[in-house]
Amino acid sequence: MEIIIAVYFGLFIFLLVSSIKNMNKNNLLFYTFLALSSIFAGLTMVNILISCQ
8 MEIIIAVYFG
18 LFIFLLVSSI
28 KNMNKNNLLF
38 YTFLALSSIF
48 AGLTMVNILI
58 SCQ
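This is how it looks when you write it as structure tokens:
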């Protein structure tokens with residue numbers, strides 16, 4: 008599980024940086040990815056909380 012989180016956040020940071028570099032082209036891609044990342048982060052937090060109990 009931790010490996011998945013690490014890979015995911017690495018990908019997120021990479022896409023964040025590349026979106027900032029060419030902001031006017033990748034706005035839709037960036038916001039779509041941001042929405043997906045929010046959902047994934049929420050699910051990950053829930054999974055961690057459940058597995059800790």
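Residue numbers for the sequence shown follow the working numbering, beginning at 8 and rising by one. Virtual Cβ for every residue (Gly too), placed ideally from N, Cα, C.
Sub-8 Å separation of residue i and residue j beta-carbons
i: Thr51; j: Ile12; result: yes
i: Phe40; j: Leu22; result: yes
Cα-Cα separation between residue i and residue j, rounded to whole angstroms
i: Ile27; j: Asn54; result: 30 Å
i: Ser25; j: Tyr38; result: 13 Å
i: Ile5; j: Gly49; result: Outside the modelled stretch of the chain, which goes from 8 to 60, sits residue 5, for which no answer is possible.
i: Leu18; j: Asn34; result: 17 Å
i: Cys59; j: Ala42; result: 26 Å
i: Phe16; j: Leu36; result: 17 Å
Which listed residue (the options) has its alpha carbon closest to that of residue i
i: Val14; options: Ser58, Ser44, Ile57; result: Ser44
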